[in-house]
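S.K.:
There are 2 protein chains.
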Amino acid sequence: MENFITQCKKYNLRITPQRTAVYKALMEDKTHPTADAVYQNVKKDCPNISLDTVNRTLISFSEFGIIDTVMCSGQGKKYDPNSKPHHHLKCVKCGKISDFYHQKYDSLKVPSEVEEEFTVLNKKVVLTVVCKKCNKKG
Amino acid sequence: MENFITQCKKYNLRITPQRTAVYKALMEDKTHPTADAVYQNVKKDCPNISLDTVNRTLISFSEFGIIDTVMCSGQGKKYDPNSKPHHHLKCVKCGKISDFYHQKYDSLKVPSEVEEEFTVLNKKVVLTVVCKKCNKKG
DNA sequence: TGACAAATAGGAGTTAATCCTATATAGTAT
DNA sequence: ATACTATATAGGATTAACTCCTATTTGTCA
Chain A
1 MENFITQCKK YNLRITPQRT AVYKALMEDK THPTADAVYQ NVKKDCPNIS
51 LDTVNRTLIS FSEFGIIDTV MCSGQGKKYD PNSKPHHHLK CVKCGKISDF
101 YHQKYDSLKV PSEVEEEFTV LNKKVVLTVV CKKCNKKG
Chain B
1001 MENFITQCKK YNLRITPQRT AVYKALMEDK THPTADAVYQ NVKKDCPNIS
1051 LDTVNRTLIS FSEFGIIDTV MCSGQGKKYD PNSKPHHHLK CVKCGKISDF
1101 YHQKYDSLKV PSEVEEEFTV LNKKVVLTVV CKKCNKKG
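Going down the list, the protein sequences come from chains A and B. Numbering of the first sequence is given in our numbering, commencing with residue 1 and proceeding in unit increments. Numbering of the second sequence is given in our numbering, commencing with residue 1001 and proceeding in unit increments.
Shown next, in the form of structure tokens:
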């Protein structure tokens, strides 16, 4: 949670109870929730929070690289709160996105042309796949 | 276009004028269009096509790995028709997604644990960034 | 050429995301 | 502490994105 305060100060985001609750919910979330799923979770702590606030908070967190956004075929937007170095498997059939860990990928070097032009917040390898379950189905 | 026919036969997709038009529009598209942008383009060739058909076609193409789906903070779903090996830069501020090419990334080996469990259709490195323009703004 | 499953258009319906405005509140300076 | 100001919020209204439904059409294969 100190990390949350540090990040907010860095980006001039006020530390409100709503933002704190959203952050806390994300840190506890091991899935890749939709905005609505986050909303449902946060409401337990903070019953009066509005969906709009959750959406705005998620967008601002993602603009500062605190969380990542992901998407798969035929599915809505999802957020990825996992801050450890990790990589993604996206199943194009069921839309499930899973994290996987692979040290070799963690140490990828960003090309210097990119580093000169862009501030890199996050890097990951994304594998577009068909999972075992969906493979069986046809 | 022979490739289109091959792919359709492989996946039991009927070769309809609508599907052909969508495919053609995608192949000519060097951006990362939204479903609606694709719809607007296809209408030039195929004025009576419905948005629903475009959407269904995009989803089925993405389910077979013919195209990829991408997403950035605060933006809608986008499709990526670039079939050459390439990688992505996502600017979290303006939502722009750009392709970049880097041979070292192309030759990444998929971990054997993954290859045993999943059929890998596509692999790419995704760098979450802030672009030069957005960096200047704040 | 006929039969049938698959695909389509178009509209209706649903869900997700955004905008609007009045009110409340965090941070800062006093 | 207190007052001030810009930021953030709730809640409803609006818009946009997406999906579903049904009657009709059309590829494909025998």
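Ideal Cβ positions, reconstructed from N, Cα and C, are used throughout, including at glycine.
With a Cβ-Cβ cutoff of 7 Å, do residue 1034 (chain B) and residue 1078 (chain B) count as a contact?
M.R.: Yes, the pair counts as a contact, with Cβ atoms nearer than the cut-off.
S.K.: How many angstroms separate the CA atom of residue 1010 (chain B) from the CA atom of residue 1111 (chain B)?
M.R.: Rounded to the nearest angstrom, the two C-alpha atoms are 27 Å apart.
S.K.: Decide if residue 1068 (chain B) is buried, meaning its Cβ has at least 16 other Cβ atoms within 10 Å, or exposed.
M.R.: Label assigned to residue 1068 (chain B): buried.
S.K.: By the 7 Å beta-carbon criterion, what residues does the region 1061-1077 of chain B contribute toward chain A?
M.R.: Cβ contacts with chain A come from 1062, 1063, 1065, 1068, 1069, 1070, 1071, 1072, 1073, 1074, 1077.
S.K.: Answer with buried or exposed for residue 76 (chain A), where buried requires no fewer than 16 other C-beta atoms within 10 angstroms of its C-beta.
M.R.: Exposed, because fewer than 16 other Cβ atoms sit within 10 Å of the Cβ of residue 76 (chain A).
S.K.: Which residues of chain A have a Cβ atom closer than 8 Å to the Cβ of residue 1110 (chain B), listed in chain order?
M.R.: Within 8 Å Cβ-Cβ: 127.
S.K.: Closest to residue 146 (chain A) by CA distance: which of B:1029, B:1099, B:1091, B:1108 is it?
M.R.: Since the first residue of chain A shown is 1 and the last is 138, residue 146 (chain A) is not available in this structure.
S.K.: Give the range of the alpha helix (DSSP H) segment to which residue 1005 (chain B) is assigned.
M.R.: Run containing residue 1005 (chain B): 1002-1010, per the alpha helix (DSSP H) assignment.
S.K.: Against chain B, with Cβ distances strictly below 7 Å, would residue 26 (chain A) count as a contact?
M.R.: Taking Cβ atoms only, chain B never reaches closer than 7 Å to residue 26 (chain A), which makes this a no.
S.K.: On the premise that residue 1088 (chain B) lies in contact with residue 1070 (chain B), defined as a C-beta separation below 8 Å, what is that separation, rounded to the nearest angstrom?
M.R.: Confirmed, Cβ separation roughly 7 Å.
S.K.: Report the residue from A:73, A:44, A:36 whose alpha carbon sits nearest the alpha carbon of residue 57 (chain A).
M.R.: When each option's Cα is compared against that of residue 57 (chain A), the closest is A:36.
S.K.: Given a cut-off of 7 Å, decide if residue 121 (chain A) and residue 1053 (chain B) are closer than it, judged by their beta-carbon atoms.
M.R.: No, these two residues do not count as a Cβ contact at 7 Å.
S.K.: Establish whether the CB of residue 1087 (chain B) and some CB of chain A are separated by less than 7 Å.
M.R.: It does not: the Cβ of residue 1087 (chain B) has no partner Cβ on chain A nearer than 7 Å.
S.K.: Check the Cβ of residue 119 (chain A) against every Cβ in chain B and list those closer than 8 Å, keeping chain order.
M.R.: Per Cβ cutoff of 8 Å: 1129, 1130, 1135.
S.K.: What's the C-alpha gap between residue 114 (chain A) and residue 8 (chain A)?
M.R.: Spanning the two alpha carbons is a distance of roughly 27 Å.
S.K.: Rounded to the nearest angstrom, what separates residue 1013 (chain B) and residue 73 (chain A) at their Cα positions?
M.R.: Cα to Cα, residue 1013 (chain B) sits roughly 17 Å from residue 73 (chain A).
S.K.: Smallest Cα separation from residue 1081 (chain B): which of B:1018, B:1032, B:1097, B:1050?
M.R.: Closest by alpha carbon: B:1032.
S.K.: Tell me, please, whether the CB atom of residue 1122 (chain B) is closer than 7 Å to any CB atom in chain A?
M.R.: Closer than 7 Å: yes.
S.K.: Helix, strand or coil for residue 55 (chain A) per DSSP?
M.R.: Looking at residue 55 (chain A) - three-state DSSP - the assignment turns out to be helix.
S.K.: Starting from residue 1093 (chain B), find everything on chain A with Cβ-Cβ shorter than 7 Å and list it in chain order.
M.R.: By Cβ distance, chain A contributes 63.
S.K.: Taking C-beta pairs closer than 7 Å, name the residues in chain B that residue 102 (chain A) reaches, listed in chain order.
M.R.: Those are 1111, listed as they occur along chain B.
S.K.: With distances taken between CB atoms, is the gap from residue 132 (chain A) to residue 1117 (chain B) smaller than 7 Å?
M.R.: Yes, Cβ-Cβ distance for residue 132 (chain A) and residue 1117 (chain B) is below 7 Å.
S.K.: Following a CB-centred definition, is residue 1022 (chain B) positioned closer than 6 Å to any heavy atom of the ligand HEM?
M.R.: Questions concerning the ligand HEM fall outside what the structure shown contains, since it holds no ligand whatsoever.
S.K.: Pick out whichever of B:1135, B:1026, B:1097 has its Cα sitting closest to the Cα of residue 1126 (chain B).
M.R.: Considering only alpha carbons, the answer is B:1097.
S.K.: Quick one: what's got a C-beta closer than 6 Å to residue 1019 (chain B)'s C-beta in the same chain, skipping five residues either side?
M.R.: So the list reads 1057, once near-sequence residues are dropped.
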